[in-house]
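Residues in the sequence shown are numbered from -5 upward in steps of one, following our numbering. Positions of the beta carbon are idealized from the N, C-alpha and C atoms, including for glycine. Take a look at the structure below.
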Amino acid sequence: MSAIREVIDVDCSPDEVYAYVTDSSHLPDWQLSAVSAQRLDEGPLQEGSRVRVTRRIGTREMPMTVEFTEVVPPVSWGLHGVDGPVRPRVHGEIEPLDDGRRSRVTIDVDFEGHGLGKVLVPLVVRPQLRKELPRDEQLLKEQLEHPTA
(Lines of atoms letter the chains of each structure in order from A and count residues from 1; the text may use other names and numbers.)
(Lines give C-alpha, C1' and ligand atoms only; values in the text may rest on other atoms or scores of the structure.)
Protein backbone atom coordinates (compact mmCIF):
# COMPACT_ATOMS: atom_id res chain seq x y z
CA MET A 1 0.00 0.00 0.00
CA SER A 2 2.69 2.38 1.06
CA ALA A 3 5.05 4.61 -0.80
CA ILE A 4 6.68 5.55 2.51
CA ARG A 5 7.15 3.50 5.72
CA GLU A 6 8.90 4.37 8.98
CA VAL A 7 9.35 2.35 12.17
CA ILE A 8 10.48 3.51 15.61
CA ASP A 9 10.61 1.99 19.10
CA VAL A 10 9.14 4.03 21.96
CA ASP A 11 9.50 3.60 25.72
CA CYS A 12 5.73 3.74 26.33
CA SER A 13 2.95 1.18 26.41
CA PRO A 14 0.81 0.56 23.31
CA ASP A 15 -2.16 2.13 25.13
CA GLU A 16 -0.22 5.36 25.74
CA VAL A 17 1.05 5.48 22.15
CA TYR A 18 -2.38 4.77 20.66
CA ALA A 19 -4.13 7.41 22.78
CA TYR A 20 -1.56 10.02 21.73
CA VAL A 21 -1.35 9.32 17.99
CA THR A 22 -5.11 9.14 17.50
CA ASP A 23 -5.77 12.39 19.40
CA SER A 24 -5.81 14.97 16.61
CA SER A 25 -4.95 17.81 18.99
CA HIS A 26 -1.40 16.39 19.18
CA LEU A 27 -0.73 16.35 15.40
CA PRO A 28 1.07 19.73 15.26
CA ASP A 29 3.30 18.59 18.16
CA TRP A 30 4.80 15.65 16.29
CA GLN A 31 4.11 16.17 12.57
CA LEU A 32 6.26 18.90 11.03
CA SER A 33 3.84 19.70 8.19
CA ALA A 34 0.75 19.90 10.44
CA VAL A 35 -0.16 23.54 11.10
CA SER A 36 -3.44 22.75 12.88
CA ALA A 37 -5.89 19.89 13.44
CA GLN A 38 -9.44 19.86 14.76
CA ARG A 39 -11.82 16.96 15.29
CA LEU A 40 -15.08 17.58 13.39
CA ASP A 41 -17.31 15.30 15.45
CA GLU A 42 -17.81 14.42 19.10
CA GLY A 43 -17.82 11.23 21.08
CA PRO A 44 -15.45 8.30 21.06
CA LEU A 45 -13.11 7.88 18.11
CA GLN A 46 -14.56 5.40 15.63
CA GLU A 47 -14.50 4.51 11.96
CA GLY A 48 -15.96 7.49 10.14
CA SER A 49 -14.67 10.08 12.64
CA ARG A 50 -13.31 13.12 10.78
CA VAL A 51 -10.53 15.62 11.42
CA ARG A 52 -9.83 18.91 9.62
CA VAL A 53 -6.05 19.25 9.18
CA THR A 54 -4.15 22.16 7.69
CA ARG A 55 -0.74 21.15 6.38
CA ARG A 56 2.17 23.04 4.94
CA ILE A 57 2.97 21.48 1.57
CA GLY A 58 5.93 23.17 -0.03
CA THR A 59 5.29 26.85 0.59
CA ARG A 60 1.47 26.57 0.75
CA GLU A 61 -0.91 25.77 3.58
CA MET A 62 -3.58 23.31 2.47
CA PRO A 63 -6.64 22.36 4.53
CA MET A 64 -7.97 18.83 4.15
CA THR A 65 -10.43 16.53 5.84
CA VAL A 66 -9.32 13.04 6.85
CA GLU A 67 -11.59 10.21 7.95
CA PHE A 68 -10.66 7.30 10.18
CA THR A 69 -11.06 4.02 8.32
CA GLU A 70 -9.70 1.77 11.05
CA VAL A 71 -9.82 2.16 14.83
CA VAL A 72 -8.44 -0.89 16.69
CA PRO A 73 -7.05 0.27 20.06
CA PRO A 74 -4.24 -0.14 20.97
CA VAL A 75 -3.11 -2.04 17.87
CA SER A 76 -3.77 -0.05 14.69
CA TRP A 77 -5.43 2.92 13.06
CA GLY A 78 -6.05 4.03 9.51
CA LEU A 79 -7.30 7.13 7.81
CA HIS A 80 -7.70 8.63 4.38
CA GLY A 81 -8.23 12.07 2.94
CA VAL A 82 -11.72 12.79 1.66
CA ASP A 83 -11.21 16.21 0.06
CA GLY A 84 -8.53 18.55 -1.25
CA PRO A 85 -5.97 18.09 -3.99
CA VAL A 86 -3.66 15.89 -1.87
CA ARG A 87 -5.37 13.00 -0.05
CA PRO A 88 -3.31 10.87 2.31
CA ARG A 89 -3.81 7.18 3.04
CA VAL A 90 -2.26 6.31 6.39
CA HIS A 91 -2.00 3.04 8.28
CA GLY A 92 -0.37 2.82 11.69
CA GLU A 93 0.45 -0.22 13.79
CA ILE A 94 1.66 -0.54 17.36
CA GLU A 95 3.43 -3.71 18.43
CA PRO A 96 4.04 -4.35 22.15
CA LEU A 97 7.66 -4.94 23.19
CA ASP A 98 9.10 -6.06 26.54
CA ASP A 99 5.78 -7.37 27.89
CA GLY A 100 3.96 -4.19 26.81
CA ARG A 101 6.27 -1.71 28.55
CA ARG A 102 7.59 -0.48 25.20
CA SER A 103 6.11 -0.23 21.69
CA ARG A 104 7.20 -0.46 18.08
CA VAL A 105 5.31 2.09 15.95
CA THR A 106 5.05 1.57 12.18
CA ILE A 107 3.50 4.24 9.98
CA ASP A 108 2.76 3.69 6.28
CA VAL A 109 1.73 6.68 4.16
CA ASP A 110 0.83 7.23 0.53
CA PHE A 111 -1.15 9.88 -1.32
CA GLU A 112 -3.72 10.31 -4.05
CA GLY A 113 -3.53 13.48 -6.09
CA HIS A 114 -6.63 15.20 -7.47
CA GLY A 115 -6.45 18.19 -9.82
CA LEU A 116 -3.31 20.15 -8.90
CA GLY A 117 -2.49 17.33 -6.46
CA LYS A 118 -1.63 15.02 -9.37
CA VAL A 119 1.41 17.25 -9.94
CA LEU A 120 2.11 18.01 -6.27
CA VAL A 121 2.15 14.39 -5.04
CA PRO A 122 5.16 13.13 -7.03
CA LEU A 123 7.05 16.43 -7.26
CA VAL A 124 6.55 17.92 -3.77
CA VAL A 125 4.50 15.82 -1.35
CA ARG A 126 6.26 12.42 -1.46
CA PRO A 127 9.78 13.93 -1.44
CA GLN A 128 8.80 16.20 1.48
CA LEU A 129 7.34 13.27 3.44
CA ARG A 130 10.36 11.03 2.78
CA LYS A 131 12.47 13.68 4.54
CA GLU A 132 9.86 14.53 7.17
CA LEU A 133 8.49 11.16 8.35
CA PRO A 134 11.69 9.99 10.09
CA ARG A 135 11.79 13.31 11.97
CA ASP A 136 8.05 13.05 12.72
CA GLU A 137 8.58 9.66 14.32
CA GLN A 138 11.52 11.02 16.33
CA LEU A 139 9.29 13.89 17.52
CA LEU A 140 6.59 11.35 18.41
CA LYS A 141 9.13 9.41 20.48
CA GLU A 142 10.30 12.59 22.24
CA GLN A 143 6.73 13.77 22.97
CA LEU A 144 5.75 10.38 24.40
CA GLU A 145 8.90 9.73 26.41
CA HIS A 146 9.40 13.30 27.67
CA PRO A 147 5.98 15.02 27.75
CA THR A 148 5.93 18.72 28.53
CA ALA A 149 3.85 19.93 31.44
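1. Comparing C-alpha positions only, which one of Val69, Arg44, Gln25, Gly111 sits nearest to Gly162?
2. In angstroms with no decimal places, state the Cα-to-Cα distance between Val1 and Asp104.
3. Going by DSSP in three states, Leu21 sits in which element: helix, strand or coil?
4. Along the beta strand (DSSP E) that carries Pro38, what are the first and last residues, could you check?
5. Whole angstroms are fine: how far does the CA of Gln32 sit from the CA of Leu138?
6. Taking DSSP as the reference, what is the three-state secondary structure of Leu73?
From the atom records:
1. Here the chain has residues from -5 to 143 only, and residue 162 is not among them.
2. 15 Å
3. DSSP places Leu21 within a helical segment (H, G or I) once states are collapsed to three.
4. Here Pro38 belongs to no beta strand (DSSP E), and DSSP marks it neither H nor E.
5. 20 Å
6. DSSP places Leu73 in the strand class (E or B) of the three-state scheme.
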